[in-house]
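S.K.: So the sequences go chain by chain: A and B.
Here the working numbering = 1-based position in the first sequence + 15.
Here the working numbering = 1-based position in the second sequence + 15.
2 protein chains.
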Amino acid sequence: MSEFDIIREVFAPLAADADGAFGLGDDIAMIDKGPFVVTKDAIVAGVHFLPKDPLDLVARKLMRVNLSDLAAKGARPLGYFLACVWPAGVKREQIELFAQGLKEDQDHFRVSLFGGDTTAHRLKTSPAVFSATFFGAPPRQGVTSRAGAQAGDDLYVTGAIGDAGLGLKALQREEKFTTVDKASLAMRYHLPDPRLSIGAAIAGFATASIDVSDGLIADAGHLAHASGLRAEIDAVSIPRSTAAGSWVARQKNRWKALAEVASFGDDYEILFTAPSSMRRSVTVAAKAAKTEVSRIGSMKRGDGAALLDETGREIAVKSAGFDHFKK
Amino acid sequence: MSEFDIIREVFAPLAADADGAFGLGDDIAMIDKGPFVVTKDAIVAGVHFLPKDPLDLVARKLMRVNLSDLAAKGARPLGYFLACVWPAGVKREQIELFAQGLKEDQDHFRVSLFGGDTTAHRLKTSPAVFSATFFGAPPRQGVTSRAGAQAGDDLYVTGAIGDAGLGLKALQREEKFTTVDKASLAMRYHLPDPRLSIGAAIAGFATASIDVSDGLIADAGHLAHASGLRAEIDAVSIPRSTAAGSWVARQKNRWKALAEVASFGDDYEILFTAPSSMRRSVTVAAKAAKTEVSRIGSMKRGDGAALLDETGREIAVKSAGFDHFKK
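Here you go:
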């Protein structure tokens, strides 16, 4: 197997409909029109995915964590550059399985491969690393930054929080679930659903937005910090799936369990703020995008992010979210 | 040390003059004008650099291998996205040293950091991986592809071939050199010099071009394949530094030594073709760009790349260049 055969035979078909990619026959691609929203996220075996995860799912997760960044800005995805660092001795079938996952999600999200780099570690034991640089077209209204929230704004989140974290615990057998719950939670870990429709729908009136990747509390803190404000989250209003709800119900300390769910990370939901005068617009946008949206708190003067119980008291949070340098 | 402090304190200053980067305060960057020439190259500890290499040099090598791709297309560099995967337990000082190298070359090449991702392996022993996606502005005349060479075109290469490969051998103590030669060869391994000036100067008349990263013979083969032709290289006309020349002179089998030099890789010179009617233009361009350019062969009907001796006979080549899946 040669690096150049792999590029020509496995990756070039993924770039077939991208004019400026020259069928991956050059080191560069021509990207013609702008402006672009661009994001770059890398995923690493043992950190962002499990070393034994099927490689088509890994490829789709790579695409989806990047698409989630575009979704939070209301951007329409166009295509991506890809760098792969494989363990030494990788088999062609593994690369083909990875490319198959890319193809499925390229078709699903209507994006193309623009270019990239394929290389390998010196050792079989070194963890695979995949990095994508994704291009999107900004919404007509311009992208929503993290920094535009105003004191008094409502705080919203899409979908449900905590599933991916529980899915990881299920896969690592740290927690027990019914077969059905385990399957649904594991899928939420493997295949996040980038909230592209709702991201585009709120672009006109959301004052700030961010995707929840590090953990709900941590990312609320990032949004609050950028906006020079404090985010207050009502713990009981955080949306949970049935499976996550039943896990919380099984825990001895309910508030501690709610705090954990709000700091797992890997949710890839969108957290955003909007003035309270826009509540009707949020409802309409959620319906148009066929995406559940929950109001979970509000922005206050101050700083940081706090999780509040039913009486408005702050719940102690052990870790607000994932930090690659602290784990 | 927190991931977010590192981004704010160490990397954000590198993005200070890039308007759309929001001071790295968001997951995305806005890239406004096009068209762009875009390239993406990753470098891996133990493969593209030595695990003990000083991290400022590693950072500069990352920039330069990407800039070399832009140089081969005559593009003017604008800026880049960066993904870092550090070994677990990386020290802040190491990240700062890496950022210092980025800063030096940002100033030298007048480019900015646009955005990126910083993450870490789960283990201390996992190799660092750095990936950059570099943006450039295409030359007015349009980019030179790999595929435009015509039968009869001259084949040229910039600078000198083989230094970086010998530098690596010197650093790994596989070959002995004088102190002076070792230093100059090692620098050519650590700090390739992207040939941006000559790349821009030949954009008007070069029929095909590629940067020499895998090895002169291998990359000549890539250019020839893309153009549907055969590249014939006169071994004795390949430019060599004094240090590389004296290494060749010390080898028992001169032709074997010349073949090795032509397949080391990591040269980051530009290999290009031009019609023989353009010889005067090549000379003028080389002078304007203050870059040595050597005519080393020509394009013929057929396929592949061949190294020829003084009598025009093909020299046996053990390996045409570096292949990440074969090494």
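Even for Gly, the Cβ is constructed at its ideal location relative to N, Cα and C.
If you reduce the DSSP assignment to three classes, tell me which class A:E111 lands in.
M.R.: A:E111 sits in a helix when the DSSP states are folded into three classes.
S.K.: Among the residues of its own chain, which have a CB less than 6 Å from the CB of A:A349, if the five just before and after it don't count?
M.R.: Because chain A here runs from 16 to 342, residue 349 of chain A falls outside it and cannot be looked at.
S.K.: For B:F145, which of B:A152, B:G151, B:P153 and B:H136 has the nearest alpha-carbon?
M.R.: B:H136
S.K.: Take B:A14 and list the residues in its own chain whose beta-carbon comes closer than 7 Å to its own, dropping the five residues that flank it on each side.
M.R.: The first residue shown for chain B is 16 and the last is 342, placing residue 14 of chain B beyond what the model contains.
S.K.: On the criterion of 16 or more Cβ atoms from any shown chain inside 10 Å, does A:P66 qualify as buried, or is it exposed?
M.R.: exposed
S.K.: Would a C-beta distance cut-off of 8 Å place B:D71 and B:Q121 closer than the cut-off?
M.R.: no
S.K.: With a CB to CB cut of under 6 Å and the five nearest residues on each side skipped, what residues in its chain are close to B:Y171?
M.R.: F287, V308 and R310
S.K.: So A:D282 contacts chain B; which residues on that side make the cut at Cβ distance below 8 Å?
M.R.: Within chain B, no residue has its CB atom less than 8 Å from the CB of A:D282, the nearest being about 14 Å off.
S.K.: DSSP three-state call for A:R23: helix, strand or coil?
M.R.: helix
S.K.: Could you list the residues in the segment 36-47 of chain A with a C-beta less than 7 Å from some C-beta on chain B, going in chain order?
M.R.: For the segment 36-47 of chain A, which is checked against every Cβ of chain B, the residues closer than 7 Å are F37, G40, D41, D42, I43, A44, M45, I46 and D47.
S.K.: Check this for me: beta carbons of A:A335 and A:G243, under 8 Å apart or not?
M.R.: no
S.K.: Enumerate in chain order the residues of its own chain whose CB-to-CB distance from A:L323 is below 8 Å, with the five nearest sequence positions on each side excluded.
M.R.: E247, I248, D249, A250, G312, E329 and I330
S.K.: Of all the options A:I217, A:T173 and A:A258, which has the alpha carbon lying nearest to the alpha carbon of A:D196?
M.R.: A:A258
S.K.: Below 8 Å on the Cβ atoms is my contact criterion, and I expect A:A147 with A:L211 to pass it. Report the Cβ-Cβ distance as a whole number of Å.
M.R.: Between the beta-carbon of A:A147 and that of A:L211 there is about 16 Å, and that puts the pair past the 8 Å contact cut.
S.K.: Counting pairs of Cβ atoms below 8 Å between the segment 270-289 of chain A and the segment 75-92 of chain A, do you hit three or more?
M.R.: Short answer: they touch.
S.K.: By alpha-carbon positions, which one of A:A60, A:D234, A:W101 and A:D168 ends up nearest to B:K341?
M.R.: The candidate whose alpha carbon is nearest that of B:K341 is A:W101.
S.K.: Using CA coordinates, which residue listed in A:D47, A:D178 and A:A303 is at the minimum distance from A:A272?
M.R.: Minimum Cα-Cα distance from A:A272 among the listed residues A:D47, A:D178 and A:A303 corresponds to A:D178.
S.K.: Would A:P207 and A:Y283 qualify as a contact pair, given that the criterion is a beta-carbon distance under 8 Å?
M.R.: It is a contact, given that the beta carbons lie within the stated cut-off.
S.K.: Whole beta strand (DSSP E) runs in the segment 49-110 of chain A with 3 or more residues, listed along the chain?
M.R.: 51-59 and 91-101
S.K.: Step through the CB atoms of chain A and report whether any lies within less than 8 Å of the CB of B:H136.
M.R.: So yes, B:H136 belongs to the interface.
S.K.: Quick one: any contact between the segment 260-279 of chain A and the segment 16-35 of chain B, if contact means 3 or more CB pairs under 8 Å?
M.R.: Cβ pair count under 8 Å is below three, so no.
S.K.: Going by DSSP in three states, B:F340 sits in which element: helix, strand or coil?
M.R.: coil
S.K.: Per DSSP, which one or two residues make a beta bridge with A:D226?
M.R.: A:I285
S.K.: Based on DSSP bridge pairs, tell me the residues matched to A:T173.
M.R.: Its beta-bridge partners are A:V308.
S.K.: Starting from A:K319, trace the beta strand (DSSP E) in both directions and tell me its first and last residue.
M.R.: A quick correction: the sequence has Gly, not Lys, at residue 319 of chain A. Note, A:G319: beta strand (DSSP E), G319 to L323.
S.K.: Where do the N-terminal and C-terminal ends of the alpha helix (DSSP H) with A:S199 fall, by residue?
M.R.: Residues T194 to H205.
S.K.: Using a C-beta cutoff of 8 Å, does B:E108 count as contacting chain A?
M.R.: For B:E108, the answer is no, since every Cβ of chain A falls outside 8 Å of its Cβ.
S.K.: Quick one: using the 10 Å Cβ neighbour count with 16 as the cut-off for buried, is A:V299 buried or exposed?
M.R.: exposed
S.K.: Closer than 8 Å, CB to CB, is A:I176 near chain B or not?
M.R.: no
S.K.: Could you give the residue range of the beta strand (DSSP E) that holds B:A246?
M.R.: R245 to D249
S.K.: Rounded to the nearest angstrom, what separates B:H339 and B:A166 at their Cα positions?
M.R.: 31 Å
S.K.: Which of the residues in the segment 48-72 of chain B, read from start to end, lie with their CB under 7 Å from any CB of chain A?
M.R.: So the list reads K48, G49, P50, F51, V52, V53, T54, K55, D56, A57, V59, G61 and V62, given in the order they occur along the chain.
S.K.: Whose Cβ in chain B lies nearer than 8 Å to the Cβ of A:G130?
M.R.: V53, T54 and K55
S.K.: Helix, strand or coil for A:F220? Go by DSSP, reduced to three states.
M.R.: coil
S.K.: Which one of A:S17, A:V59, A:G38 and A:A277 has the shortest CA to CA distance from B:A241?
M.R.: A:G38
S.K.: So, are the CB atoms of A:G230 and A:G182 less than 8 Å apart?
M.R.: For A:G230 and A:G182, no; Cβs fall outside 8 Å.
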